[in-house]
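**Q**
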Amino acid sequence: MTRPSPSTGKVPEPSNQNLVGRIVAIQLDECTVVRRSPEVEHERAVAIYDLIEENMFTPLGVDASEFELHLGIQENRLYLDIRDLGGATLDRVTMSITPFRGIVRDYFLICESYYDAIKRLAPSQIEAIDMGRRGLHDDGARMLMERLVGKVVMDFKTARRLFTLICVLQIRG
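Residue numbers (the working numbering): 325 to 497.
(1) Using beta-carbon positions only, say whether I350 and E392 come within less than 9 Å of one another.
(2) Suppose you measure from the CA of V344 to the CA of I421; what does that come to, to the nearest Å?
(3) Using alpha carbons as the reference points, say which of I442, M455, Q449, I372 lies closest to Y431.
(4) Would you kindly check if the distance between the Cβ of G411 and the Cβ of L352 is under 9 Å?
(5) If you run the structure through DSSP and keep just helix, strand and coil, what is L472?
(6) Indicate whether L445 and I434 have their beta-carbon atoms separated by less than 9 Å.
(7) Going by DSSP, which residues form a beta bridge with I397?
(8) Report the rounded CA-to-CA distance for T413 versus I406, giving the unit in angstroms.
(9) Using a 10 Å radius around the Cβ and a threshold of 16 neighbouring Cβ atoms, would you call L375 buried or exposed?
(10) Mind checking who I350 pairs with in its DSSP beta bridge?
(11) Using the three-state DSSP reduction, which class does S437 fall into: helix, strand or coil?
(12) Tell me whether the beta-carbon of T488 lies closer than 9 Å to the beta-carbon of R368.
(13) Would you kindly work out how many angstroms separate the C-alpha atoms of R485 and E399, rounded to a whole number?
(14) Roughly how many angstroms lie between the CA atoms of P328 and T482, to the nearest whole one?
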C-alpha cells in the first residue's frame, strides 16, 4: 500500500510492478452538461485520449486488469465507478470533492490567464504563467493520489489526466 512519506507528505511514485491494471474506456457522468469553451473541450478530449492510450490504474482488491471507469460528481462527492469490460461494477470509490475546490478554482483562474496571455503576451511571460498552471495541475494530481491511498494505485500521468477530467466535471454554467 502506498502511503504519504512522513518527511515530505508526498505520495511516492508507485513502482510499475504494482501497476498491472489499466483503464480501457472512460465515461464522464455529466448530468448537467454546460456549454464549455473550445479550450476546455480540447483539454477534455486530449485528457481522455491520452488516458486511454497510456495509463496505469490498479484498484486494490479487484481481480481484473482492464477497466471501464465512470467518473462523476453526485451530492458534493466525487465517484469513480470501476467496471469490468462488460459494464458490471467491480468497485465504487467515493470521496468528498470539497478538498479539491480550492485548487480547482485556482487552476481555472490561471488557465484563464494562460489562454488570455497566449493571445497578447511575449513567450517568456506565457512560459511563466504556464509553469504556474502546470504546478497547480501537479498539485491536484498529487492530492488525488493521496486521497486514493489504500483504494487505487496509479502513476502520476494517470492522476494528472484524471485531475483534468475532475476539473471539467466541476464547471458550472
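Beta carbons are placed, not taken as given, at the ideal position from N, Cα and C, and that holds for glycine.
**A** According to the data block:
(1) A contact, by the Cβ cut-off of 9 Å.
(2) 27 Å
(3) M455
(4) no
(5) coil
(6) no
(7) Looking at the DSSP assignment, I397 forms a beta bridge with L402.
(8) 6 Å
(9) buried
(10) L393
(11) Shown here, S437 sits in a helix according to DSSP, grouped into three states.
(12) yes
(13) 23 Å
(14) With a pLDDT of only 48 at P328, under the threshold of 50, the placement of this residue in the model should not be trusted, and no figure is reported.
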